[in-house]
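Below is one structure, written out as structure tokens, with a few remarks after it.
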Amino acid sequence: MKGSPQAQVLVEEFADFQCPACGSAAPVLKRLAEQYGDRVQWKYYHFPLVQIHPFAFNAALASECANDQGKFWEYHDMLYSRQTNLSKGDLKGYAEELGLDTESFNACLDSRAKQGLVRNDMALGEQRGVNGTPSIFLNGQLLQDWTTLEARLATIFAEPDAGTTQTEVAPSN
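Going by full-length UniProt numbering, the sequence shown opens with residue 1, and the numbers climb by one from there.
Structure, rendered in structure tokens:
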């Protein structure tokens with residue numbers, strides 16, 4: 001989670017670390033998170049498309065192992081910047097690059113301790129109608145095209161009293 005839990009605007013992302021479209025979305029979403037700060041709460045959910053992305057599930061596990069050490073977003077950014085190198089050895093090397101306690105990280109990754117969390121995210125995505133990545137929800141509504149998020153946020157925050165009351169979002173086309 002990024003931003004404030006008290007924010008009146010919620011952006012939820014269901015994504016896959018090996019998905020090229022997610023890799024394209026990641027820097028845009030990062031910029032928007034920095035731009036809006038605590039006015040928007042950002043949640044990331046794992047939705048590895050394991051049928052077509054063989055390294056995505058382990059990458060999701062690894063990001064949660066990094067999260068145990070307070071480095072989820074740094075690890076997230078590294079994975080998206082190196083999408084073509086997501087072997088288990090690569091994942092462990094990235095932990096070392098970020099200065100994580102590699103013994104703890106490697107034990108977490110090797111044990112697959114986070115697979116329940118990742119599977120829960122996947123089940124939540126399925127319940128909410130996610131069938132591809134990235135899937136972005138704005139205040140609970142699935143955007144048909146994630147690239148409309150920037151304009152929708154600009155509209156929300158251009159309104160009087162933006163961020164002080166729950167803002168309705170018109171369904172996307």
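Note that the Cβ used here is the ideal one computed from N, Cα and C, for glycine as well. Remember, predicted model here, so these are calculated numbers, not experimental data.
query, result
"Boundaries of the alpha helix (DSSP H) in which lysine 88 is found, first to last residue", "88-97"
"Per-residue burial, asparagine 131 [other beta carbons within 10 Å of its own, 16 or more giving buried]", "exposed"
"Cutoff 6 angstroms; reference alanine 26; Cβ partners in own chain excluding five residues on either side", "Tyr80"
"Closest residue to glutamine 69 among Gly116, Thr102, Phe14 (Cα-Cα distance)", "Thr102"
"Contact check, glutamate 13 vs tyrosine 44, beta carbons under 8 angstroms", "yes"
"Whole-number beta carbon distance between glutamate 126 and leucine 98, since they are thought to touch under 8 angstroms", "Not quite, the Cβ-Cβ distance comes to about 31 angstroms (not below 8 angstroms), so this is no contact."
"Distance between beta carbons of phenylalanine 55 and leucine 86, contact taken as under 8 angstroms", "4 angstroms"
"Those residues which DSSP pairs with lysine 2 across a bridge", "Trp42"
"CA nearest to the CA of asparagine 139, picked from Gly129, Ala123, Phe105, Ile156", "Ile156"
"Contacts around phenylalanine 57, its chain only, beta-carbon distance under 7 angstroms, and the 5 residues preceding and following it disregarded", "Pro48, Val50, Val118"
"Boundaries (first-last residue) of the alpha helix (DSSP H) holding leucine 32", "20-36"
"Per-residue burial, isoleucine 52 [other beta carbons within 10 Å of its own, 16 or more giving buried]", "exposed"
"Inter-residue Cα distance where the pair is alanine 15 and lysine 30", "14 angstroms"
"Proximity of valine 40 and valine 9 at Cβ, strictly below 8 angstroms", "yes"
"Among Gln6, Val11, Ser4, the one whose alpha carbon lies nearest that of leucine 142", "Val11"
"Close Cβ partners of phenylalanine 136 (< 6 angstroms) along its chain, the five nearest in sequence each way excluded", "What sits at residue 136 in the sequence shown is isoleucine, not phenylalanine. Excluding positions up to five away in sequence, the list reads Glu13, Leu143, Trp146, Leu149."
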